[in-house]
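If you read the sequence shown in the working numbering, its first letter stands for residue 120, the second for the next number, and so on.
Contents: one structure, followed by commentary.
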Amino acid sequence: MKYEEFKAETVKALREFYGENADVELVDTLKNNGKRHDAVSIRINGENGGTVPVIYLEEFFRMYDAGNTDIDGCVKDIADLRTESECPPQIAQFSGRLLNWDAVREKVYPVLLSTKENRELLGKLVSRSLLDLSVIYIIREAADAGNSCSVKITCGMMEAYGISEGQLYKQAMHNLEGDGYRFLEIGAYVQSVINDGDKQEWKNADRMENGKMYILRNASGLYGAAGILNGKLIRDTVKGQDCFILPSSIHETIFLPVSEEQNQKELDAMVAEINEMCVDMEERLADHSYYYDAKTGEIQICA
C-alpha cells in the first residue's frame, strides 16, 4: 500500500473506530523551516477547550510499511496516543484566553527563525527582520509535570489585541529578560547534563576566556537562540571581547571569543556539518556563523 492510500485508509478506519463520537480530519501542518507533516486531528464531541492534538502519520506509515503493524494496529496506537495527548486542564484554559492581551502579555516571548526557510510561515505571523533571521512571537504556557505548549502569534491575533508590532516586541523583550538566560562554559554545561545537574545551580559565566566556548540558553531550554537579543546580558558577560556566534539551533547559541586561532570559514563549515548531522530540520537556525562586535554591541553576518 502506498503512502497516499495509507493515509486515506487510516482516516477511514479512525472514523469507523470513533463513529459519531468524534470528528476525524486529515490535516497538513506547516512547521519551522518549511517542514510539512501529514497528521490527523481528532476532536471528541462535547470536549471542552479549543485545543485539539494533532498526530503525525509518517512514523505510523514507516511501521506499517516495514510490516510491524497493520491498519487496525495503527488505529489503536493513534487512539491511545490521542488519549495521552489530551491537554491538561491548565492548557485547555490557556487556549480559551489566547485572544485576551491582558491574559497572555506576560507569557509572550520572541523566537528566532531563518527568514529564507520560513517565507510561507512568516506570511501568516507577526515578525520583524534581524539580518537573515526573523523575530516572531509565541505565547508560551507551562503546565504540571513539565508539560508546556506554545502558540505562534498571527497577524489576526495581534489585531485582536489592539496593539502594534512595536508594543508586542517591547513586551516580549521584557519577558525575555526574566527567562533565566545564562552563559555557561560548554565543558561545565555538558558535565552538568551528564550528572543530571540542577538547572537552578547554573551560574552565568563571569567573563569569557579565549579558547573556550560558551553556550547561551534559557532555563526552559526552549527557543533560547532569541537570547542574542539581550544586549545587556551579552555586554555584561563578554566584557569588551569580540565573539563569533555559532547558531547551534533555534534553542541555543554558542559564543566563542575571537582570537588568532579561529578561522571564520572553518567555523561556518562546522556549523553546516553539525546541522546536517545532528540538528533536526525544524530546529536549524542558520548554516553559518555570526560576529558580535563588542565596541558597537551589534551582531553581523560573517562575510
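We treat Cβ as the ideally placed atom computed from N, Cα and C, and that holds for glycine.
Owing to the predicted nature of the structure, the values given are computational and were not obtained by experimental measurement.
Have a look at the options and flag the residue whose alpha-carbon is nearest the alpha-carbon of residue i.
i, options, result
"residue 345", "392, 215 and 233", "233"
"residue 172", "160, 179, 253 and 380", "160"
"residue 421", "398, 384 and 193", "384"
"residue 370", "356, 380, 405 and 238", "405"
"residue 300", "195, 136 and 351", "351"
"residue 224", "254, 409 and 280", "280"
"residue 416", "386, 360 and 400", "360"
"residue 145", "181, 131 and 200", "131"
"residue 340", "327, 363 and 312", "312"
"residue 129", "158, 141 and 151", "158"
"residue 325", "303, 368 and 307", "303"
"residue 189", "218, 239, 125 and 219", "125"
"residue 256", "229, 198 and 197", "229"
"residue 418", "259, 349 and 391", "349"
"residue 195", "392, 137, 355 and 394", "137"
"residue 293", "226, 336 and 244", "226"
"residue 135", "336, 183, 198 and 178", "198"
"residue 222", "298, 260 and 254", "260"
"residue 151", "243, 139, 162 and 382", "243"
"residue 414", "382, 381, 394 and 362", "362"
Three-state secondary structure (DSSP) at residue i?
i, result
"residue 373", "strand"
"residue 193", "helix"
"residue 142", "strand"
"residue 403", "coil"
"residue 419", "strand"
"residue 157", "strand"
"residue 184", "helix"
"residue 217", "coil"
"residue 352", "helix"
"residue 147", "strand"
"residue 357", "helix"
"residue 176", "coil"
Is it right to say residue i is buried, meaning 16 or more other beta carbons lie within 10 angstroms of its own, or is it exposed?
i, result
"residue 431", "Only positions 120 to 422 of the chain appear in this structure, which leaves residue 431 out of reach."
"residue 343", "buried"
"residue 120", "exposed"
"residue 408", "buried"
"residue 358", "exposed"
"residue 378", "exposed"
"residue 149", "exposed"
"residue 397", "exposed"
"residue 274", "exposed"
"residue 309", "exposed"
"residue 367", "buried"
"residue 403", "buried"
"residue 412", "exposed"
"residue 276", "buried"
"residue 389", "exposed"
"residue 327", "buried"
"residue 142", "exposed"
Following the continuous alpha helix (DSSP H) through residue i, name the residue where it begins and the one where it ends.
i, result
"residue 238", "238 to 241"
"residue 386", "383 to 397"
"residue 133", "122 to 137"
Hey, would you say the C-beta of residue i is under 7 angstroms away from at least one heavy atom of the ligand MG?
i, result
"residue 238", "Absence of the ligand MG is noted for the structure shown, with no ligands found whatsoever."
Could you give the first and the last residue of the continuous beta strand (DSSP E) run that contains residue i?
i, result
"residue 247", "246 to 249"
"residue 342", "Element bounds for residue 342: n/a, residue is neither H nor E."
"residue 231", "227 to 233"
"residue 325", "Where residue 325 is concerned, there is no enclosing beta strand (DSSP E), given that its DSSP letter is neither H nor E."
"residue 224", "That residue, residue 224, is in no beta strand (DSSP E); it is neither H nor E in DSSP."
"residue 378", "Note, residue 378: premise wrong, no beta strand (DSSP E); not H, not E."
"residue 368", "362 to 368"
Nearest chain D C-beta to residue i closer than 8 angstroms, yes or no?
i, result
"residue 352", "Note that chain D does not occur in the displayed structure, where there is just one protein chain."
### Segments of 4+ residues assigned as alpha helix (DSSP H) that fall wholly inside the segment 260 to 318
274 to 280, 284 to 296 and 305 to 313
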